[in-house]
Structures are given as C-alpha cells and as structure tokens.
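Report on the structure given below.
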Amino acid sequence: MKKNDIILIGCLLLIAGVASLFYVFVNTDENAKVVITIDGQTYGTYLLKKDTTIDIEGKNTLRIKDGQVQMLDADCKDQICVHHKPISKAGESIICLPHKLIVTIENEDSQELDAVSD
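Here the sequence shown stands for residues 0 to 117, where the numbers follow the working numbering.
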C-alpha cells in the first residue's frame, strides 16, 4: 500500500468514528416512548425515562430502567427476546415471535412524515 492509501483509509476511519460518536451522544430524546404491540394492536405506550416493570398478559415481563428496555422473562420456548441486549435508541426493537409481541422505541420526530407525495 502506498502512503496516500494509508492516509485515505485513516481519514475514512476518522470520519466514521466522529459520525458514530455523534450518533451516540446526540441521538437522545427526552420524550422517547416505548411502544408495545401485540399482533399489530397497541398494548401500551410508556416513557423511556420513567423506570417501570410491565407484565404483558402474564406471558412476558418487560423492564424500563435507566433509559433502557429489556425483556426480563417470557414463557416461550426459545427465549430469544429474553437474551436480546437492552435497547435504548429510537428505532430499536425487541421481538417475541411466539407471542406476536413487538417492543419498539420511538421519539416524537419518528411520527412525522418524511415527505409528501402528490
């Protein structure tokens, strides 16, 4: 590799690092909500900043704590949702397929339209 190739790769890595730090530190929303849906129907909406534990139809237990959401317990066989890492950013989700359960984090901006079509 030539010297210019190394400089180019270094610059690209620097830009990627700055962009990821920007995403981590700026992508926080005080009004972020945790939306729980079961089989396409909204089960409940909770504030991400308020710590709480939610029993979902006696099948799943969800915990919101310190701005993170984690599935504590589920009575399904595979337990994939329980082993999922805690989520904290808008757009992230935890899914329990056997119970048709989706837990998503949304912020107020995610409800707005991106564009209007004629």
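For glycine and all other residues, C-beta sits at the position ideal for the given N, C-alpha and C.
Own chain partners of residue i with C-beta closer than 8 Å, once the 5 adjacent residues on each side are dropped
{"i": "V81", "result": "M70, L71, D72, A73"}
{"i": "V68", "result": "V33, L47, L61, R62, P85, I86, S87, I93, V102, I104"}
{"i": "A15", "result": "none"}
8 Å contact criterion, which residue i and residue j should meet: CB distance rounded
{"i": "A89", "j": "I101", "result": "Actually they are not in contact, since the Cβ atoms of A89 and I101 sit about 15 Å apart, beyond 8 Å."}
{"i": "I55", "j": "L46", "result": "Not really, about 17 Å apart at Cβ, beyond 8 Å."}
{"i": "K48", "j": "E29", "result": "7 Å"}
Distance, residue j Cα to residue i Cα
{"i": "G66", "j": "T51", "result": "11 Å"}
{"i": "Q40", "j": "I94", "result": "14 Å"}
{"i": "I5", "j": "N59", "result": "51 Å"}
{"i": "K32", "j": "N106", "result": "6 Å"}
{"i": "P85", "j": "L7", "result": "36 Å"}
{"i": "T44", "j": "H83", "result": "20 Å"}
{"i": "S19", "j": "E91", "result": "16 Å"}
{"i": "N3", "j": "G9", "result": "10 Å"}
{"i": "G57", "j": "Q78", "result": "15 Å"}
{"i": "L12", "j": "D38", "result": "42 Å"}
Given residue i as reference, the closest of the options once Cα atoms are compared
{"i": "L96", "options": "C75, K48, G57", "result": "C75"}
{"i": "K99", "options": "I79, N3, T36", "result": "T36"}
{"i": "V34", "options": "D77, C10, I53, Q78", "result": "I53"}
{"i": "K64", "options": "Y42, D77, S87, I79", "result": "S87"}
Close Cβ partners of residue i (< 7 Å) along its chain, the five nearest in sequence each way excluded
{"i": "Y42", "result": "I35, T36, I55"}
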